[in-house]
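Residue numbers (this note's numbering): 1 to 443.
Beta carbons are placed, not taken as given, at the ideal position from N, Cα and C, and that holds for glycine.
Just so it is clear, the structure is predicted and the values come from calculations on it, not from any experiment.
Before any comments, here is the structure.
See the structure below:
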């Protein structure tokens with residue numbers, strides 16, 4: 001943060017308190033818990049949980065495999081459809097997807113713990129250092145994947161599995177994308193993102209080159225000339241700006257940078273956090289920022305969102321998690337001015353209402369203490385490589401084909417996704433299959 005800013009300081013909590021606060025959000029199931037959880041599954045024939053899973057994992061099958069004492073087989077069932085099943089078991093909003101439609105949830109209000117059972121299976125297999133797949137015979141085809149986030153990794157793995165040689169380029173020093181840099185630390189402990197990538201790459205046939213960004217170090221035209229196909233998974237690297245009086249203050253920063261710094265800092269005690277923190281936004285980044293600020297020792301943390309609760313893109317589960325940690329959620333509130341002229345920095349917020357989808361101010365205002373503000377109002381595409389856009393994302397069809405022959409795209413940078421890890425994995429996988437079929441002369 002540079003020089004000392006009044007009210008923003010490090011070491012608000014002891015190392016023991018920080019270790020406890022940032023421990024695993026969902027601890028692994030114990031052996032007896034695994035058996036009980038698996039036995040609750042009805043093994044539905046036309047299981048609604050499968051339909052609700054973006055990667056179409058055969059959930060009843062893998063739970064039955066767990067219940068019969070073969071978690072390694074269950075893991076392979078998961079990895080067949082979702083090679084990042086370990087990460088998705090930790091961060092996927094199962095409460096809004098598979099578990100929400102579970103028959104047990106509908107009838108009893110308590111679903112089968114699909115996410116935790118998936119973690120048990122995948123962790124069991126990965127702990128043994130086993131990769132459940134072997135590459136097919138080499139095709140002689142080469143594919144460039146730009147971006148080593150969930151979509152890029154999923155695409156690269158499936159392409160390599162099918163016998164193609166893949167080079168992944170990524171702008172950052174580490175692979176993983178949001179899994180490495182953008183998810184709350186208490187959701188992926190013990191450097192899981194890096195360990196999962198190392199395991200994924202063990203299939204062979206994949207070369208990873210870090211520190212190479214599209215537009216700066218890589219030109220799409222050159223990649224097209226060098227490789228048989230290109231898959232773009234560049235994510236949304238830009239951060240939306242908020243034009244509010246006083247938001248040029250050094251007390252205001254973007255939430256994405258805060259989470260990235262936290263994720264890459266070995267000693268959380270060195271991180272500075274305010275006494276009174278306000279987060280502007282209503283998505284997962286806003287919630288992760290608010291909760292982690294509280295876990296670092298902030299006394300009062302507030303999320304201010306300009307629409308109502310139902311409009312928040314963060315799930316109700318995540319909203320409740322924030323509230324349980326002591327975060328205050330203010331709805332229908334938008335920032336008007338940040339005043340740092342007095343002894344106590346104050347943020348003025350205005351009440352808002354929504355008419356025909358448009359946010360309008362009511363004229364009523366409040367002022368709250370705020371010695372640190374984080375903006376989490378969305379991200380944007382930083383490079384489109386000259387491809388056709390729809391809205392703010394690259395236009396693609398249902399299997400990721402762009403308007404340029406030989407170029408596919410998926411993940412957050414492409415149209416159609418909902419900015420979830422599990423959706424990005426599905427898009428990368430499906431694009432890889434279409435790329436392979438196209439290179440092999442199929443439809």
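Residue burial classification, residue i (beta-carbon count within 10 angstroms, cutoff 16)
i, result
"residue 16", "exposed"
"residue 332", "buried"
"residue 173", "exposed"
"residue 82", "buried"
"residue 128", "exposed"
"residue 248", "exposed"
"residue 293", "buried"
"residue 181", "buried"
"residue 51", "exposed"
"residue 258", "buried"
"residue 384", "buried"
"residue 265", "exposed"
"residue 454", "Here the chain comprises residues numbered 1 to 443, so residue 454 is not present and cannot be evaluated."
"residue 284", "buried"
"residue 47", "buried"
In DSSP terms, what residue i is bridged to
i, result
"residue 339", "346"
"residue 4", "BP columns for residue 4 are empty, so no partner."
"residue 352", "361"
"residue 274", "8"
"residue 334", "350"
"residue 23", "BP columns for residue 23 are empty, so no partner."
"residue 210", "170"
"residue 393", "390"
"residue 328", "302"
"residue 280", "304 and 375"
CA-to-CA distance, residue j to residue i, given in whole angstroms
i, j, result
"residue 379", "residue 69", "44 Å"
"residue 269", "residue 296", "8 Å"
"residue 254", "residue 376", "6 Å"
"residue 22", "residue 330", "25 Å"
"residue 442", "residue 164", "15 Å"
"residue 426", "residue 151", "7 Å"
"residue 291", "residue 256", "14 Å"
"residue 140", "residue 316", "48 Å"
"residue 339", "residue 360", "22 Å"
"residue 252", "residue 108", "45 Å"
"residue 312", "residue 399", "28 Å"
"residue 405", "residue 357", "38 Å"
"residue 320", "residue 397", "36 Å"
"residue 206", "residue 168", "7 Å"
"residue 210", "residue 216", "13 Å"
"residue 328", "residue 100", "26 Å"
"residue 137", "residue 160", "10 Å"
"residue 402", "residue 230", "10 Å"
"residue 352", "residue 411", "33 Å"
Beta-carbon proximity of residue i to residue j, cut-off 8 Å
i, j, result
"residue 196", "residue 84", "yes"
"residue 56", "residue 77", "no"
"residue 432", "residue 102", "no"
"residue 452", "residue 171", "Because the chain spans 1 through 443 in this model, residue 452 falls outside it and cannot be assessed."
"residue 492", "residue 354", "Within the shown structure, residues of the chain are numbered from 1 to 443, placing residue 492 beyond reach of any answer."
"residue 219", "residue 145", "no"
"residue 176", "residue 123", "no"
"residue 274", "residue 298", "yes"
"residue 131", "residue 202", "yes"
"residue 414", "residue 435", "no"
"residue 66", "residue 38", "yes"
"residue 342", "residue 365", "no"
"residue 19", "residue 75", "no"
"residue 8", "residue 272", "yes"
"residue 29", "residue 116", "yes"
"residue 449", "residue 13", "The question about residue 449 has no answer, for the chain in this structure spans 1 to 443."
Proximity test, residue i beta-carbon vs the ligand SAH heavy atom, cut-off 7 Å
i, result
"residue 368", "The ligand SAH is not among the ligands present in this structure, which contains no ligands whatsoever."
Every unbroken alpha helix (DSSP H) within the region 124-197, with a cutoff of 4 residues, ordered by chain:
150-161 and 178-181
Ordered list of beta strand (DSSP E) runs contained in the region 398-443, each at least 3 residues:
407-409
Hey, which unbroken runs of the beta strand (DSSP E) at 3 residues or more fall wholly within the region 290-314?
300-304
Quick check on the DSSP output: what are the complete beta strand (DSSP E) runs of length 3 or more inside the region 49-103, in order along the chain?
none
Identify every run of the alpha helix (DSSP H) within the region 220-262, keeping only runs that are complete inside it and at least 4 residues long; order them along the chain.
220-226
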